[in-house]
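Asks:
In the working numbering, the protein residues as written are 2 to 562.
1) Taking the Cβ atom as the reference point for each residue, do residue 223 and residue 183 lie within a distance shorter than 8 Å?
2) Just verifying my parser: in three-state terms, what is the DSSP assignment at residue 252?
3) Between which two residues does the alpha helix (DSSP H) containing residue 332 stretch?
4) Taking 8 Å as the cut-off, decide whether the C-beta atoms of residue 331 and residue 361 are in contact.
5) By Cβ distance below 7 Å, which residues in the same chain neighbour residue 195 in space, the five residues on each side in sequence not counted?
6) Check this for me: beta carbons of residue 495 and residue 478, under 8 Å apart or not?
7) By how many angstroms is the C-alpha of residue 528 removed from the C-alpha of residue 561?
8) Do residue 254 and residue 278 have their CB atoms nearer than 8 Å?
9) Counting pairs of Cβ atoms below 8 Å between the segment 388–397 and the segment 347–367, do you hit three or more?
10) Would you check if the distance between the CB atom of residue 443 and the CB atom of residue 416 is smaller than 8 Å?
11) What residue range does the alpha helix (DSSP H) around residue 465 cover?
12) Skipping 5 residues on each side, what residues in its chain have a beta carbon closer than 8 Å to that of residue 403?
13) In this structure, what does DSSP give as the bridge partners for residue 157?
14) Helix or strand or just coil, what does DSSP make of residue 7?
15) Between residue 307 and residue 281, which are expected to be in contact by the criterion C-beta below 8 Å, what is the C-beta distance as a whole number of angstroms?
16) Using only alpha-carbon positions, find the residue among 327, 355, 314, 374 that is nearest to residue 345.
17) Quick check: the Cα distance between residue 262 and residue 290, rounded to an integer number of angstroms?
18) Taking only runs that begin and end inside the segment 513–539, name each unbroken alpha helix (DSSP H) of 4 or more residues, in chain order.
19) Sorted by chain position, which residues of the same chain lie with C-beta nearer than 7 Å to residue 209's C-beta, five sequence neighbours on each side aside?
20) Using only alpha-carbon positions, find the residue among 435, 185, 146, 231 that is nearest to residue 175.
21) May I ask you to list the residues that DSSP assigns as paired with residue 403?
22) Does the beta carbon of residue 457 sit closer than 8 Å to a beta carbon anywhere in chain C?
23) Secondary structure at residue 238, three-state DSSP: helix, strand or coil?
24) Measure how close the beta-carbons of residue 462 and residue 488 come, nearest whole angstrom, since I'm counting them as under 8 Å.
25) Distance, Cα to Cα, residue 474 vs residue 352?
26) Below 6 Å CB to CB, which residues in the same chain sit around residue 229 once its five sequence neighbours on both sides are set aside?
27) Among the candidates 297, 188, 401, 251, whose CA atom is the shortest distance from the CA of residue 266?
28) In terms of alpha-carbon separation, which member of 258, 337, 251, 317 lies closest to residue 231?
29) Around the Cβ of residue 457, are there at least 16 other Cβ atoms within 10 angstroms (buried) or fewer (exposed)?
30) Who are the Cβ neighbours of residue 51 in its own chain at under 6 Å, not counting the five residues just before and after it?
31) Can you pull the DSSP bridge partners for residue 308?
32) For the beta strand (DSSP E) that contains residue 476, what are its first and last residues?
33) List the endpoints of the continuous beta strand (DSSP E) containing residue 206.
34) CA-CA distance, residue 243 and residue 303?
35) Spatial neighbours of residue 498 within its chain, please: CB distance less than 7 Å, with the 5 preceding and 5 following residues excluded, ordered by chain position.
36) I'd like to check one pair, residue 287 with residue 260: are the Cβ atoms closer than 8 Å?
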């Protein structure tokens with residue numbers, strides 16, 4: 002008992018002594034045990050935890066006969082943007098002195114920087130960036146593609162947009178793309194226009210030198226398998242371009258020079274020396290030296306299969322040279338005229354042309370008025386054009402084409418498929434029915450110029466439709482003044498064709514077509530997708546327009562019925 006009492010007194014004395022000597026009332030001292038704490042440190046508040054309901058990771062949509070459970074990409078508990086952000090408070094730096102009395106805060110600062118860096122990296126991993134910086138061992142998708150796949154992709158673009166300037170631009174991306182763009186297969190067809198200078202601007206000597214150097218490099222490094230080369234709107238360096246291409250392109254087959262000037266005989270001489278495979282020559286709207294072309298055709302005309310040129314006073318001798326037999330294997334001949342040119346008459350000896358070019362398949366004279374010239378000797382021996390498939394004599398002005406002239410051209414052409422007589426107002430239905438071709442697919446006979454239409458009523462369209470109704474795919478009789486009865490019978494012949502899916506395009510603009518004549522054609526021709534009924538006075542209001550598509554034409558049938 003005494004021992005316990007002494008211990009109690011000693012503890013009480015110790016507690017009294019801790020209050021200090023100045024304490025007035027030592028009896029009221031706190032008997033609770035205290036822990037040693039720094040004087041400047043603040044007491045921490047207890048965190049209160051709040052139990053929140055878990056945010057669903059899905060949404061439920063009720064349908065007609067089922068419930069759709071769709072996962073949600075913006076849930077709260079996956080660290081998304083909906084999560085509440087914790088407020089960051091400023092903390093005071095606590096410094097402690099070491100042995101030497103120096104402040105030891107370097108380790109804590111370093112630890113804070115490491116924590117801050119790891120937090121940034123975690124945030125970047127949570128939201129991946131759109132573009133990642135390239136590393137030494139990293140590769141782009143374009144650099145990891147096989148070269149064959151890249152070449153096929155380039156081939157599709159080249160087919161749609163051309164080789165120049167697309168291949169020149171992609172070759173500067175990387176080494177792989179440069180190697181793929183240099184594939185000779187992609188450079189088989191090249192068309193070059195205004196690449197260095199705007200139209201109408203003058204070229205400085207430095208620019209001309211760059212153009213020549215570029216052409217030389219392309220011809221030597223890219224054009225090894227070039228087949229088709231086109232040059233447009235060039236006023237200078239045309240001879241140099243033709244010379245370089247002919248020298249370094251042994252497989253050249255087609256050459257097109259459109260709206261170019263300055264083509265001399267030296268270019269044609271270079272073609273004769275180097276281009277042994279050239280078969281197509283297109284010189285539309287291009288100024289060239291006629292003597293140089295005539296010399297080339299006399300020496301190498303046997304290899305030419307296709308030729309285009311624009312009619313002019315200087316070029317009449319070109320058609321005469323072709324009629325003399327300098328191009329015996331010619332298959333396509335097209336002669337056109339500029340719309341602003343006053344001279345459109347071209348003397349043509351059809352019999353001589355038939356004897357000189359028996360293999361001709363396409364004969365076009367666009368906006369040219371051919372003058373018939375008879376042959377003195379051997380006219381009765383002319384075989385005609387036995388292989389002719391297309392004849393186009395369309396014009397925007399007065400035409401000299403008659404039934405007799407048309408018969409002289411086509412009397413030996415049973416394979417004709419396309420006949421374009423737009424603007425030929427003198428040709429009649431009797432002249433068309435007398436032609437020997439029995440499987441005509443396209444007939445363009447519209448009259449588009451009111452000053453040459455006349456006012457007399459025409460007859461005989463029903464005979465033309467009776468002859469070709471089973472083969473016609475496109476028919477154009479715009480502004481032809483046939484009677485209502487004749488048009489109705491002609492449409493009945495079209496509707497009674499054996500194949501209902503033959504006719505695709507029908508142009509009756511400006512004619513006297515009636516609803517009764519139009520119904521059977523629309524009802525039977527299920528493949529018809531173009532119908533022109535503009536300016537048809539015998540049709541009700543609201544129906545005189547162009548119809549495109551089968552659905553639009555079917556709606557017209559409902560209105561007519």
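Glycine included, each C-beta is placed from N, C-alpha and C at the ideal position.
Nothing here was measured: the structure is a model prediction, and the numbers come from that model.
Replies: Inspection of the coordinates gives the following:
1) yes
2) coil
3) Segment: none, residue 332 is in no alpha helix (DSSP H) and carries neither H nor E.
4) yes
5) Non-local C-beta neighbours of residue 195 in its own chain, meaning closer than 7 Å and more than five positions away in sequence, comprise 234, ordered along the chain.
6) no
7) 19 Å
8) yes
9) yes
10) Between residue 443 and residue 416, the gap from beta carbon to beta carbon reaches 8 Å or more.
11) 462–469
12) 427, 428, 432
13) In DSSP, residue 157 forms no bridge with anything.
14) Any answer about residue 7 is weak, because its pLDDT of 42 lies below 50 and its placement is not dependable; what the coordinates show is given next. The answer is helix: DSSP assigns residue 7 an H, G or I state.
15) 4 Å
16) 314
17) 10 Å
18) 516–525
19) These residues qualify, in order along the chain: 237, 238.
20) 146
21) DSSP, once it has assigned bridges, lists no residue as partnering residue 403.
22) Considering every chain present, this structure includes no chain C. It has just one protein chain.
23) In the structure shown, the three-state DSSP call for residue 238 is coil.
24) Contact flag correct, Cβ pair sits at about 7 Å.
25) 31 Å
26) 190, 255
27) 297
28) 258
29) exposed
30) A caution first: residue 51 carries a pLDDT of 48, below 50, which makes its placement in the model too unreliable to give a value.
31) Bridge partners of residue 308: 282, 334.
32) 475–477
33) Unbroken run through residue 206 is the alpha helix (DSSP H), 206–222; no beta strand (DSSP E).
34) 20 Å
35) 470, 471
36) yes
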